[in-house]
Amino acid sequence: MYRHLENRLAQQIRGFLREKYGVELERIVIEQPPKVEFGEYASPLAFDLAKKLRKAPRKIAEEIVAGIGAIEGFQKLEVAGAGYINARVDRGALASAVARDEQPTVEKPSGKILVEHSSINPNKAAHIGHLRNAILGDTFVRLLRFVGREVDVQNYIDNTGVQVADVVVGFLRLEKKSRAEIEQLAEQSRFDYYCWDLYARTSQWYEESAENKKVRLQVLHEIEQGGNETAVLAELISTAVLRRHLETMDRLDIEYDFLPRESEILHLHFWDAAFTKLKETGVLTFESEGKNKGCWVMRRAGTQKTSTTEDTESTEENTEEDTEAVSEEDQKVIVRSNATVGYVGKDIAYHMWKFGLLGKDFEYRKFYHYPVTQKDCWVSATNGQKEHPHFGDVAENYNVIDVRQSEAQETVKEALRDLGHGEAADRLTHISYGMVVLTPRCAAELGYKLSEEDKTRPFIGVSGRKGFGVKADDLLDALIVSAKQEVDSRHPEREDSERREIAEKIAVGALRYFMLKYTKPSVIAFDFKDALSFEGETGPYAQYAVVRATNIFRKGGFDVEAFSKDVAANLSPEDLSRFLSVKQADDGPAPTTDDRRPTTGADPNELWELWLAASKTAYVVDQCIATTEPAYLAKHVFQLAQMFNTFYHRHPILTELDEQRKKFLLTTAAVVRQELIRALAVLGIEVPVVM
RNA sequence: GGGCGCGUAGCUCAGGUGGAUAGAGCAUCUGCCUUCUAAGCAGAGGGUCGCAGGUUCGAGUCCUGCCGCGCCUACCA
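So for the first sequence, the numbering used here puts the first residue at 129; every next one is plus one.
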């Protein structure tokens, strides 16, 4: 609603400027005033116009305000300071729209969106770094679905890489396990933990001798080739670990639709198809000498083309070596001299498939059934089921991958562009985010021995290879234990199973919020103290605000859901306006409020701020999508909860004597509660019945 | 060397396309549970926004140069 009004205001101003001054501004800058006393919107555009029109800003602002006329939904415009134009909305009308839950229809682009996230190597337990990825990705999916987009969630599984080979080596060489024994272990509830340790041990074992490292290459080769016992073991292990990852993420309400695996990219010859096209179009060039002799290489993303095919006429600058050559520095090897393709190459093929440009498709079979939502997650296969959903062929693609992959992502885009699919490249977005690292203190708490060098560092990187890191399930378990203690002491009368369920929701709320409150570029220095906190800017804080709102209704003998279903029925826009508008008492000082007993003379602005914040959710969601930054919504949820808590303290509702006012306060609580529940759901956070 | 990112309160972080008095949380200190649950509220202290220039009515925000930190820069995935 808030967004809607802003657009209307901007349009109106634009039209007026065109008519009155003949000026066309590409952007009408509208911002949110620092205080609600200044109105709901403010524009400094008179300052910009001052130069163009050679008039004082204040004068321009006055002319605009005087000449623009009435705007639907707005009370008036006014000039402030040296030339600000402040706009005041019709509070009753906006509040009424919020209460009616009016969502102005906005046209949305058509086409399916593919969000790829998680992509955890299936050779060990998921850790906190993977949590950030999955939570960021899942929240982005929820944001898109909130605005009505159709989304497919994919989780790319690299099941043929060295990481998997390492665990296979561990089982065969270090543990000397038989296939039957491995099968039995794979049945264990936390097989991924077993692999975590084994992977670290194997990595260490490689350091012992060059001989050991050779084993790794041999095993890797066998896996890639397929059709042998080693490949079967790799499949067995990676599938079991993958299943564990899905279980772990399901604990956080994170689901996937499709799991494309590298083994199928290989066996269904995706690369061959891509390679042909890449050669035809000259995207890849063969190096016949130099450092990369015998390789097929590509120009590194971001580097300049040295030769130009058409548009420019820089022939005079062409020197002999310049013809099609890319300097070695700027080369990215795609196909190695031994004719094997690197990971970027496979990624290019995969992305061609995503946009329906490869001319090939996976085969599919059901892999995992989500017990709660009853949905199925599909996996790629070489001979799949006949009936399956249609994946791929999407209009847009967002990849959630940490910042270290930025260059590789750019290379993929560059390849698409050079293949002549510029529009696909433009619709491929890398959602890049910073690493989750351990503070030295945290690493010490976990019992890791730090090298002298590490001790001087500000933080320690998580490393699966070294076994450094906090496992996702461990963190979640710790959060549940901590929440459970609190729930036990607060609600001893409830069943243990119910208390457990409540604790789980709190734990998930805490964890998801923790990962979302940092903006993407920020490196998260993980610390148990912060992550395990349920106070202040946390998920449980917002959940608690909702529970409190619910309690008002319960104690008052109202049915919240029934009341919330038709909140608007309680009050007319005029009633709302009466409670939310400041009496036009000529610019005197704002009435001072007594914090203790403000029941009668409350500041309408303070209540209005709460309603206004509640109206901004859709606006914030749009912003999150446009900037691929879910943290804004997390921030918004916290601010709304914070304002609600203040409101809650300042206005005892059930003891309110004025019936009309009581109804208004209840309506306020219902509206904010509803809005918080909705916004929390977009963050993937549910609210428990009690806390 | 090149590319990307970061540097704001003791700590962890917000500060959309330059705008009104730079904000939260944690930690510290002081109050508030016979009240709709204190996972809360009210208040206090705490800032040369890394440094130096520049652009202009106006810079935490934009430009340049430094300083410090991280990541990427493999015929590993």
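Glycine included, C-beta positions come from ideal geometry on N, C-alpha and C.
{"Item": "Taking the alpha carbon of Ala553 as the reference point, which residue from His479, Ile529, Trp506 and Ile608 has its own alpha carbon closest?", "Value": "His479"}
{"Item": "Measuring straight from C-alpha to C-alpha, what distance separates Tyr471 and Arg428?", "Value": "15 Å"}
{"Item": "On a CA-only basis, which of Leu300, Tyr284 and Asn340 is nearest Ser391? Give me that one, please.", "Value": "Tyr284"}
{"Item": "Could you tell me if Thr539 is buried or exposed, where buried requires 16 or more neighbouring beta carbons within 10 angstroms of its beta carbon?", "Value": "buried"}
{"Item": "Would you give the residue range spanned by the alpha helix (DSSP H) that Ser692 belongs to?", "Value": "Val688 to Lys693"}
{"Item": "Would DSSP call Asp530 helix, strand or coil?", "Value": "strand"}
{"Item": "Using 8 Å as the Cβ pair cut-off and three pairs as the minimum, do the region 734 to 748 and the region 634 to 649 touch?", "Value": "no"}
{"Item": "DSSP state of Lys494, grouped into three classes?", "Value": "strand"}
{"Item": "Opposite Met426 in the DSSP bridges: which residues?", "Value": "Lys460"}
{"Item": "Whose CA, out of Arg131, Pro517 and Tyr672, lies closest to the CA of Asp504?", "Value": "Pro517"}
{"Item": "For a test of the three-state rule: what should DSSP assign to Arg825, helix, strand or coil?", "Value": "Here the chain covers residues 129 to 819 and nothing more, so residue 825 does not appear."}
{"Item": "For Gln231, count the other beta carbons within 10 Å of its own beta carbon; 16 or more makes it buried, fewer makes it exposed. Which is it?", "Value": "exposed"}
{"Item": "Could you tell me the boundaries of the alpha helix (DSSP H) in which His558 lies?", "Value": "From DSSP, His558 is part of no alpha helix (DSSP H) but of the beta strand (DSSP E) over Leu556 to Tyr561."}
{"Item": "Let's test the definition: count the other Cβ atoms within 10 Å of the Cβ of Asp605 and tell me whether it reaches 16, buried, or not, exposed.", "Value": "exposed"}
{"Item": "Less than 8 Å between the CB atoms is what I'm expecting for Tyr327 and Asp294, so what's the real figure, rounded?", "Value": "6 Å"}
{"Item": "Measure the CB-CB distance between Ile559 and Thr756 and report whether it falls below 7 Å.", "Value": "yes"}
{"Item": "Do three or more CB pairs link the region 138 to 154 to the region 195 to 214 at distances below 8 Å?", "Value": "yes"}
{"Item": "Write down the C-beta distance between Glu417 and Cys423 rounded to the nearest angstrom, noting that I regard them as a contact closer than 8 Å.", "Value": "With a Cβ gap of about 11 Å, Glu417 and Cys423 do not count as contacting."}
{"Item": "Can you grab the Cα-Cα spacing for the pair Val296 / Trp333, in whole Å?", "Value": "13 Å"}
{"Item": "Thinking Leu394 and Glu352 are a contact (beta carbons under 8 Å), I'd like their distance in whole angstroms, please.", "Value": "7 Å"}
{"Item": "Pick out whichever of Val748, Glu702, Phe766 and Leu603 has its Cα sitting closest to the Cα of Leu222.", "Value": "Glu702"}
{"Item": "Would the beta-carbon of Val831 fall within 7 Å of that of Cys323?", "Value": "The chain is shown only over 129 to 819; residue 831 falls outside these bounds and no answer can be derived."}
{"Item": "Give the DSSP-derived three-state secondary structure of Arg389 in the structure shown.", "Value": "strand"}
{"Item": "For Asn773, does the three-state DSSP call read helix, strand or coil?", "Value": "helix"}
{"Item": "With distances taken between CB atoms, is the gap from Trp506 to Tyr492 smaller than 7 Å?", "Value": "yes"}
{"Item": "With a Cβ-Cβ cutoff of 7 Å, do Ala677 and Arg801 count as a contact?", "Value": "yes"}
{"Item": "Here's a check: name, in chain order, each residue in its chain whose Cβ is nearer than 6 Å to the Cβ of Gln459, leaving out the five neighbours to either side.", "Value": "Asn420 and Val425"}
{"Item": "By how many angstroms is the C-alpha of Ala759 removed from the C-alpha of Phe766?", "Value": "11 Å"}
{"Item": "Could you check whether Val243 and Val281 sit closer than 7 Å to each other, using their CB atoms as the reference points?", "Value": "yes"}
{"Item": "Between which two residues does the beta strand (DSSP E) harbouring Ile241 extend?", "Value": "Ile241 to Glu244"}
{"Item": "Hey, how far is the Cα of Ala198 from the Cα of Lys204?", "Value": "7 Å"}
{"Item": "For the region 561 to 579 and the region 260 to 272, state whether three or more C-beta atom pairs, one from each stretch, are separated by less than 8 Å.", "Value": "yes"}
{"Item": "Find out if the Cβ-Cβ distance for the pair Thr795, Val695 is shorter than 7 Å.", "Value": "yes"}
{"Item": "If the criterion is Cβ atoms closer than 7 Å, does the pair Gly589 and Val565 meet it?", "Value": "yes"}
{"Item": "By the DSSP assignment, the beta strand (DSSP E) with Lys204 in it spans what residues?", "Value": "Phe202 to Ala208"}
{"Item": "Among the residues of its own chain, which have a CB less than 8 Å from the CB of Gly195, if the five just before and after it don't count?", "Value": "Phe144 and Lys148"}
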